[in-house]
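Q: Here it is: the structure, laid out below.
Protein chains in written order, with my numbering: chain L, 491 to 833; chain C, -19 to 651; chain A, 5 to 171; chain B, 43 to 147.
In structure tokens, the structure reads:
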């Protein structure tokens, strides 16, 4: 621990960051149905930790608190780069939180609830004469396609999680490593776990709010039953490839572990093939995870693609672009919702 | 009804002088004397002419109406019914009395204006003088034309102001400014009474308008108050008379008039001889109905007048300053007028007022001419033998002297005779002999008058000259001064003839003319013939007295010039007393002035003003400062203190709001 | 002792401790953290009462925005430990007793009145969030609009205050 | 079920603590925080009352609405107040209220 730091806060910061970002996962529902087979003597287990009426709000509340981790870390380090990093992050997160919240209101209006699972349910079914799934991103029924809302939300979310191109709090080129310059070992790790966890949370939110959550993109008609085998179709080849790749791995350790993992994956795929009940149950989580995976991929993709914004640009985007646009989106959506209600 | 171009617009008469005063006062400073003259003279002259016209119209009007002409021009003060409908209008009225007064004022005033142009020619503040003089004319006319007491009082105060300004005309001379102040203050005392009288009358009769008031008095049915009864009439009359004594220099308030001689001689002539000082007489005459309702008042007036007459005459005996002699003679003559009023011979009083205006103005003007000739010398002991050098002045003055001394057929004789007759016959029915005493004193006064007047003449114009030929170059005055003298001389001669027929059994036309106002009282219990013979006898006696005075003066001051000094020695105390005017000024100084000064100095100033008033004000200021000092500390700008205060406030608010809830709890706690 | 009571006492203790530490802490940051604790505890109490929405807003606005601003400012001004000046004698000596008296009075009156107005039958009915918005946009629409104006003004004021004058 | 009085007493205590903080802290920012604390105390009592009050048409949310308004006001207040604080700190180089006593900026 570096000298001259405020010990309590210095230690508190990473804990705060991690706990909060993990806690935010608590309200995310991964599937509609509880586990088919009972545990602990008849206790049925849902695919979420809690599913309150105001789930979305709670999510925002927790993510809002997340900023303290970074800010306090920056301050407690008693060093100028972290301090600057902390300053930036707190300013940035406060500013983007507005856009974040605003861009979601459209969805809430359409679903008429804060409860995440109900939001997802509201997106089941088809829109545009059954051509497309009724995801908020494109759905016309109940409101207005949240395309704009989605872009605002995703941009704001990236900024909220301090990822490229909004990662000024840890801009290597300017502030050595930003708020966690003075951190090392597991405290440092905590920060990173926290960051990636919040990435996951945000991706899950994107999927849930705009991309129909666990709803599969395909219609539920018997004709499209075959799509239910997609999980195994993806898993089995992947597992086999892992085994193959593992066998000719450089290190002995790899040669031992990778085939095992591969075989496990393959086994899961096979099990899904073998037991339709389980397969049916797995559908929803599968799609949700798939979407989350896509957004995580998107995260890394943008990171590899885009350069970092200047601080003033960051602020301008936040206040002068995202916020007005999202508000406009809210207004338009509200109008449409009213119109639909009138019909 | 004949058309009345002026009468309908009576306000023109006073307004003209006011105009003159304003113009001269505002622009006169830059103007040469000529223009100032033109303005002042035209103002006065025109007002004189309009007065004549007004009188003519009034007489025509009176032919038909047989009542005073009265016109309300505008409301000055009007309080609604809440305040008893107190109305004071700018109302002017014209009746016989007013006619006399207006003519005297404007006429004599005009003459004196002319005279002044010559007399003041070489004085500084020429325009100022005429502005003041015109102002005086204005107020005097208001006074005599006013149709109610309040407006009259305005004029009353106005002439007081004018007289103050003019007495103090040479305000660089301390004596002059002092005299001015003295006149003003002494007059205030009288005015105080005057106002009280007005208040009383309003309180009683709810009006101050002459016609209404007197009508009310007449039909109020209140009995005339006999001797010693102090009813409304007595008190009111005496209060008014108090004002009159102030203005007309009667005992005990006469002291200002002699000093007023500090002013320029024309002023003395106009204001302090002819017009203003007679205002008191005018007021008494104007309110004669009140006085007639109170025997006490009348007696008081008569006694005061009589006493003043004698008193002033005695002082006049020994004065050496020519103007002062005249001043005292004025006081004494005014005493005569009041005597007349007191014996209910108002007509005679007004008559004497007129004639006196003529010859006393003439005397003053002539004296002024003498002083002018002597180059400012006023002490008769340094004159003598001027008769040959300034003939016109001499003759005019002689005429005036004879007139005032009361030799027939000059004006003074008739008026004085009327007064004495009135005095002698006053208590015809009531068998008392107070009237005879008054008569005796009046007679004595007449004797003294003729004595000191001729003393004045002899000292001034006869005997060997007692001045240094080389220093004083005696010269006759310009005709601008002599003209008025001549005119006044003529008036002094003929002025009394209107009353002449009384002597040979005819009617006294003047009294007749005034009779509509003063219910002509032939209250002498004697028959027509007896009255006539008595009148003749009295006249003879009066003439004898005057002659005696003349002879004494002649013997003392021409035959045996050494004698007066011997007398002075042998009668040292008397002489001294007279010379020092009975030490009245000293008496007043001792009894009134010094105590007042002492009180003002030690009590009013050092205690009341400094301690109480300033003390209070400064105390308040210092208190505020002190409190501010204390309170300022709370405004420390320290937010924490403020916060604490807020907490205190919150506590108070809670306690007040929830007192009902809290009281039982407190009870529980205490139990 | 029922579960809600236990929760209540835990949260209440948390809140009170946080408030006390807000007073006792020397460094503003620590005070801020204590205050955050208080607020979170209060949010918990709101949940316990059944005011979900208020609880969420409490966290989002107070915890997520206002307190962040505070921390931000503290960091910006690099505020150190406060110097213990005592220029205000009044506050030094009169502050504590007065504050205690105020607390006592408040507690007394509020409990009295609370007892008088509260009725247990309807107590604790959980209010769905939808109704709040309904009320907010019907009964309380004018105050609501007014608050929007208030915020607008506040934004402008903050801008005017915080901008450095162009030289 | 927690009696309403508990909440009220708690809010009173919190308010009192806020007052104490207000009076005894010198740092402007801390004082500001103590104000927020007092507001929160009041909010708590509001919510408690809203739960305890007899319900009008199903639920009685007036108290909670009030709380929302209070929070909005608090937010505005924080924005402006912190701006003022920044300005003051710039001009005075001190955050101690006892040193900022000129009654002007």
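All C-beta atoms in this analysis are idealised placements derived from N, C-alpha and C, irrespective of residue type, glycine included.
Note that the coordinates shown come from a computational prediction; the quantities given were computed from them, not determined experimentally.
At a CB-CB cut-off below 9 Å, which residues of chain B make contact with residue 620 (chain C)?
A: Taking the first residue of the second chain as position 1, residue 620 (chain C) is located at position 640. Residues of chain B passing the Cβ test: 64, 65, 66, 67, 68, 73, 139, 140.
Q: Between residue 573 (chain L) and residue 559 (chain L), which are expected to be in contact by the criterion C-beta below 8 Å, what is the C-beta distance as a whole number of angstroms?
A: The residue labelled residue 573 (chain L) in the question sits at position 83 within the first chain. The residue labelled residue 559 (chain L) in the question sits at position 69 within the first chain. Not a contact, Cβ separation roughly 15 Å.
Q: Starting from residue 51 (chain C), trace the beta strand (DSSP E) in both directions and tell me its first and last residue.
A: Here residue 51 (chain C) refers to the residue found at position 71 of the second chain. Its beta strand (DSSP E) spans residues 49 to 58.
Q: Just the chain B side, please: which residues come within less than 7 Å of residue 623 (chain C) by C-beta, in chain order?
A: Position 643 of the second chain, counted from the first residue, corresponds to residue 623 (chain C). What residue 623 (chain C) touches in chain B: 64, 65.
Q: Mind listing which residues of the segment 37 to 69 of chain A have their C-beta closer than 8 Å to chain B's C-betas, in chain order?
A: Listed by position, the residues of the segment 37 to 69 of chain A near chain B (Cβ gap below 8 Å) are 39, 42, 43, 46, 49, 50, 52, 53, 54, 55, 57, 58, 61, 62, 65, 66, 69.
Q: Listing by chain order, which chain C residues have their CB less than 8 Å from the CB of residue 112 (chain A)?
A: Along the third chain, one-based indexing puts residue 112 (chain A) at 108. Within chain C, the residues near residue 112 (chain A) are 641, 642, 645.
Q: List the endpoints of the continuous beta strand (DSSP E) containing residue 68 (chain C).
A: Here residue 68 (chain C) corresponds to residue number 88 of the second chain, with the count starting at 1. Taken as a continuous stretch (DSSP letters only), the beta strand (DSSP E) holding residue 68 (chain C) covers 67 to 74.
Q: Mind checking which residues open and close the alpha helix (DSSP H) that includes residue 427 (chain C)?
A: Position 447 of the second chain holds residue 427 (chain C). Unbroken alpha helix (DSSP H) run through residue 427 (chain C): 414 to 441.
Q: Is it buried or exposed for residue 136 (chain C), if we count other Cβ within 10 angstroms and need 16 for buried?
A: Position 156 of the second chain, counted from the first residue, corresponds to residue 136 (chain C). Classification for residue 136 (chain C): buried.
Q: Among residues of its own chain, excluding the 5 on either side of residue 71 (chain A), which ones have a beta-carbon nearer than 8 Å to its beta-carbon?
A: Against the third chain, residue 71 (chain A) aligns to sequence position 67. Answer for residue 71 (chain A): 36, 39, 40, 43, listed in chain order.
Q: Would you kindly work out how many angstroms separate the C-alpha atoms of residue 537 (chain C) and residue 382 (chain C), rounded to a whole number?
A: On the second chain, position 557 is the one that residue 537 (chain C) refers to. On the second chain, position 402 is the one that residue 382 (chain C) refers to. Going by the C-alpha atoms only, they are around 17 Å apart.
Q: Determine, for residue 627 (chain C), whether the minimum Cβ-Cβ distance to residues of chain A falls below 9 Å.
A: Working through the second chain from its first residue, we reach residue 627 (chain C) at position 647. Cβ-Cβ to chain A under 9 Å: yes for residue 627 (chain C).
Q: Short check: CB of residue 403 (chain C) to CB of residue 415 (chain C), under 9 Å?
A: Residue mapping note: residue 403 (chain C) aligns to position 423 of the second chain, counting from 1. Residue mapping note: residue 415 (chain C) aligns to position 435 of the second chain, counting from 1. Their beta carbons are under 9 Å apart, which means residue 403 (chain C) touches residue 415 (chain C) by this criterion.
Q: Looking only at DSSP bridge pairs, what is residue 361 (chain C) linked to?
A: Here residue 361 (chain C) refers to the residue found at position 381 when the second chain is read from its first residue. Answer is none; residue 361 (chain C) lacks a bridge partner.
Q: Does residue 659 (chain C) come out as helix, strand or coil in the three-state DSSP assignment?
A: A question about residue 659 (chain C) goes unanswered here, because the residues of chain C that appear run from -19 up to 651.
Q: If we count Cβ pairs, one from each stretch, closer than 8 Å, do we get three or more for the segment 142 to 149 of chain C versus the segment 103 to 123 of chain C?
A: The answer is yes - the segment 103 to 123 of chain C touches the segment 142 to 149 of chain C, with three or more Cβ pairs under 8 Å.
Q: Can a CB atom of chain C be found closer than 9 Å to the CB of residue 143 (chain B)?
A: Position 101 of the fourth chain, counted from the first residue, corresponds to residue 143 (chain B). Chain C contact via Cβ: present.
Q: From the beta carbon of residue 157 (chain C), is the nearest beta carbon of chain B less than 9 Å away?
A: For the purposes of this step, residue 157 (chain C) is taken as the residue at position 177 of the second chain. Judged by the 9 Å Cβ criterion, residue 157 (chain C) is not in contact with chain B.
Q: Is the segment 158 to 173 of chain C close to the segment 261 to 281 of chain C, with three or more CB pairs under 8 Å?
A: Result no; under three Cβ-Cβ pairs closer than 8 Å.
Q: Going by the CB atoms, is the gap between residue 513 (chain L) and residue 557 (chain L) shorter than 9 Å?
A: Here residue 557 (chain L) is taken as the residue at index 67 of the first chain, counted from 1. Here residue 513 (chain L) is taken as the residue at index 23 of the first chain, counted from 1. Contact flag unset, no.
Q: Using the Cβ count rule (16 or more neighbours within 10 Å means buried), how would you classify residue 818 (chain L)?
A: Mapped onto the first chain, residue 818 (chain L) falls at position 328. Residue 818 (chain L) is exposed by the Cβ-count criterion.
Q: May I ask you to list, following chain order, the residues of the segment 565 to 579 of chain L that have a beta carbon less than 9 Å from some beta carbon of chain A?
A: Result list: 565, 566, 573, 576, 577.
Q: Under 9 Å, Cβ to Cβ, is there at least one residue of chain A near residue 85 (chain B)?
A: Translated into the one-based positions of the fourth chain, residue 85 (chain B) becomes position 43. So yes, residue 85 (chain B) belongs to the interface.
Q: Please tell me whether residue 5 (chain C) has its Cβ less than 9 Å away from any Cβ of chain B.
A: Walking along the second chain from the start, residue 5 (chain C) turns up at place 25. Not an interface residue.
Q: Below 8 Å on C-beta distance, what does residue 101 (chain A) contact in chain B?
A: Start at 1 with the first residue of the third chain, and residue 101 (chain A) comes out as number 97. By Cβ distance, chain B contributes nothing, its closest Cβ being about 11 Å from residue 101 (chain A), past 8 Å.
Q: Residue 152 (chain C) by DSSP, collapsed to three states: which one?
A: Taking the second chain and counting its residues from 1, one reaches residue 152 (chain C) at position 172. DSSP places residue 152 (chain C) in coil when its eight states are reduced to three.
Q: Give the DSSP-derived three-state secondary structure of residue 578 (chain L) in the structure shown.
A: The residue you call residue 578 (chain L) lines up with position 88 of the first chain. Looking at residue 578 (chain L) - three-state DSSP - the assignment turns out to be helix.
Q: Got a sec? Which residues, its chain only, sit under 6 Å from residue 249 (chain C) by beta carbon, not counting five neighbours each side?
A: Sequence index remark: in the second chain, residue 249 (chain C) carries index 269 (1-based). Hits under 6 Å: 92, 341, 344, 345.
Q: What residues from chain A crowd round residue 634 (chain C), counting only those whose CB sits closer than 8 Å?
A: Position 654 of the second chain holds residue 634 (chain C). Ordered by position in chain A, the residues that pass the 8 Å Cβ test against residue 634 (chain C) are 106, 109, 110, 113.
Q: Roughly how many angstroms lie between the CA atoms of residue 127 (chain A) and residue 115 (chain A), to the nearest whole one?
A: Your numbering for residue 127 (chain A) matches position 123 in the third chain. Your numbering for residue 115 (chain A) matches position 111 in the third chain. At residue 127 (chain A) the pLDDT is 48, less than 50, meaning the model places this residue with poor confidence and gives no usable figure here.
Q: Assign residue 465 (chain C) to one of three DSSP states: helix, strand, or coil.
A: In the second chain, the residue the question calls residue 465 (chain C) occupies position 485. Residue 465 (chain C): helix per DSSP, three-state reduction.
Q: Would you check if the distance between the CB atom of residue 324 (chain C) and the CB atom of residue 515 (chain C) is smaller than 9 Å?
A: Along the second chain, read from residue 1 onward, the residue named residue 324 (chain C) stands at position 344. Along the second chain, read from residue 1 onward, the residue named residue 515 (chain C) stands at position 535. Cβ atoms of residue 324 (chain C) and residue 515 (chain C): not closer than 9 Å.
Q: Answer yes or no: do residue 387 (chain C) and residue 532 (chain C) have a C-beta to C-beta separation smaller than 9 Å?
A: On the second chain, position 407 is the one that residue 387 (chain C) refers to. On the second chain, position 552 is the one that residue 532 (chain C) refers to. No, they are not a contact pair.
Q: Can you pull the DSSP bridge partners for residue 622 (chain L)?
A: Residue 622 (chain L) sits at position 132 when you count from the first residue of the first chain. Partner(s): L:617.
Q: Using DSSP's beta-bridge definition, name the partner residues of residue 496 (chain L).
A: Residue numbering aside, residue 496 (chain L) sits at position 6 when the first chain is read from its first letter. In DSSP, residue 496 (chain L) forms no bridge with anything.
Q: May I ask you to list, following chain order, the residues of the segment 589 to 613 of chain L that have a beta carbon less than 9 Å from some beta carbon of chain A?
A: Of all residues in the segment 589 to 613 of chain L, 591, 602, 603, 604 have a Cβ within less than 9 Å of some Cβ in chain A.
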